[in-house]
Amino acid sequence: MAYKITEECLCCGSCLPECPCDAIKEGSPYSIDASKCTDCGACVDSCPADAIKA
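Here the numbering used here = 1-based position in the sequence shown + 4.
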């Protein structure tokens with residue numbers, strides 16, 4: 005199951021460099037491409053708004 009970015013996203017970009025699969029796309033809010041996400045969770049700890057959920 006891929007992670008999702010909720011509306012609490014601050015669009016700060018802290019999650020972008022953490023994703024080893026390049027699955028996160030900029031936007032308002034940012035989004036995660038489920039077909040690329042490997043469910044590694046690397047992005048979760050980097051989010052200051054706790055906006056990335058399983």
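Even for Gly, the Cβ is constructed at its ideal location relative to N, Cα and C.
Values in this document were obtained by computation on a predicted structure and should not be read as measured data.
| Query | Result |
| --- | --- |
| By the three-class DSSP mapping on this structure, what secondary structure does SER39 have? | coil |
| Mind reading off the beta-carbon distance from ALA46 to CYS23? Whole number of angstroms is fine, and I expect it under 8 Å. | 6 Å |
| Using CA coordinates, which residue listed in PRO33, THR42, ASP37 and LEU20 is at the minimum distance from GLU11? | PRO33 |
| Between the Cα of GLY31 and those of LEU20, CYS25 and ASP54, spot the shortest distance and give me the residue it belongs to. | LEU20 |
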